Every structure is written in structure tokens, then in C-alpha cells.
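Here our numbering is used: the first residue of the sequence shown is 3, the next is one more, and so on. All C-beta atoms in this analysis are idealised placements derived from N, C-alpha and C, irrespective of residue type, glycine included. Just so we're clear, the structure is a prediction, and the values are computed from it rather than from any experiment. The next block holds one structure in the form of C-alpha cells; read it before the comments.
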Amino acid sequence: MVWITKREIAYYLILKHVFNNSIFNLGEALDILSLFGSKRTAKKIIRLLVSRGLIEKVDTLSYRVNELEPALFQNLKAYIVQRIHRRLKSVGLSSSIILKDHRETLAIRNCSNTLVSTFELLRGIIDIECG
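Below is the structure:
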């Protein structure tokens with residue numbers, strides 16, 4: 003996973019401030035963002051923001067700025083699952099990551115009661131199966 007750069011966050015914040023949650027045209031965004039860099043760079047960053055879920059493509063040239071927290075959550079959810087999986091393996095617990103209904107689920111074998119109660123706190127963040 004590649005982290006979001008300062009430039010991407012800056013462009014996102016500018017678009018969020020100017021357009022809030024309303025639909026905007028690519029040309030309007032490029033006019034505003036061209037004050038901070040070239041139109042070519044702005045177009046590239048808009049494309050990156052769409053791929054990262056921070057901006058939603060509504061139509062061929064229309065976009066909408068999404069809320070930051072849900073987009074970051076979606077981007078970091080896979081990272082959180084992978085980190086927990088690696089940590090469990092490093093302490094000798096058997097676990098695997100399975101794809102269930104297009105969602106990553108952490109499957110852990112031989113869960114202790116302590117581990118189950120700890121993972122209960124994380125159930126809203128990640129999907130966990132203890133077996």
C-alpha cells in the first residue's frame with residue numbers, strides 16, 4: 003500500500019473546501035487546482051484520488067468529494083488485517099487471511115479466551131473467525 007502524499011491531501015482539502023459534497027466538473031477543478039501546479043499534475047492527482055476512494059467519479063467528467071474518514075478506513079483496513087496476521091504468526095499462532103464476500107477475514111486457529119475477548123473489541127473494524 004502506498005501512502006497518500008502531502009500533495010494529494012492538499013488537493014483533496016482544496017476540492018473539499020471549494021465543492022464540499024456537491025458534484026463538480028473536471029474543468030472547474032482543474033481551473034482551481036492550476037493555481038497550485040500544472041493542469042497535467044492536477045488531472046493526475048484527481049485520478050489518484052479517485053483510485054484511493056477520496057473522490058468519486060459520477061460521470062465521465064463529473065466528480066464528487068467523499069468524506070475522508072470512510073475512505074481512509076477502506077484504504078487501511080487491509081493493512082490492519084495484514085499487520086495483525088503477521089503479529090499472530092510471529093508469536094506462534096496459526097492464522098490465515100481469507101476472502102469472504104469481497105472482504106478480507108482473519109481466520110485464527112486455537113483462539114484463547116483472552117484473544118477472543120480482545121478481538122471482540124475489533125469486530126467493528128475487521129472480520130475475525132476463531133476456530
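Original post:
Can the beta-carbon of ASP129 be found closer than 7 angstroms to that of ARG111?
Top reply: Sequence index remark: in the sequence shown, residue 129 carries index 127 (1-based). Sequence index remark: in the sequence shown, residue 111 carries index 109 (1-based). Going by C-beta atoms, ASP129 is not nearer than 7 angstroms to ARG111.
Subject >> Cβ shell of ASN27 (< 7 angstroms), same chain only, five flanking positions each side left out >> reply: The count along the sequence shown starts at 1 and reaches residue 27 at position 25. Cβ within range, chain order: LEU63 and SER64.
Original post:
Based on the DSSP output, what are the partners of LEU100 in its beta bridges?
Top reply: On the sequence shown, position 98 is the one that residue 100 refers to. Sequence inspection shows Ile at residue 100; the Leu mentioned does not correspond to that position. Paired residues: THR107.
Original post:
Per DSSP, ILE48 forms a beta bridge with which residues?
Top reply: If you number the sequence shown from 1, residue 48 lands on position 46. Beta-bridge pairing links ILE48 to no other residue.
**OP:** Give a yes or no on whether the C-beta atoms belonging to ILE99 and LEU90 are separated by under 7 angstroms.
**Re:** Start at 1 with the first residue of the sequence shown, and residue 99 comes out as number 97. Start at 1 with the first residue of the sequence shown, and residue 90 comes out as number 88. Contact flag unset, no.
Subject >> Through-space distance from ASN115 to TYR14, alpha-carbon basis >> reply: Position 12 of the sequence shown, counting from 1, holds the residue named residue 14. Position 113 of the sequence shown, counting from 1, holds the residue named residue 115. Counting only the Cα atoms, ASN115 lies some 43 angstroms from TYR14.
Original post:
Does DSSP classify ASP129 as helix, strand or coil?
Top reply: Taking the sequence shown and counting its residues from 1, the one referred to as residue 129 is at position 127. Strand.
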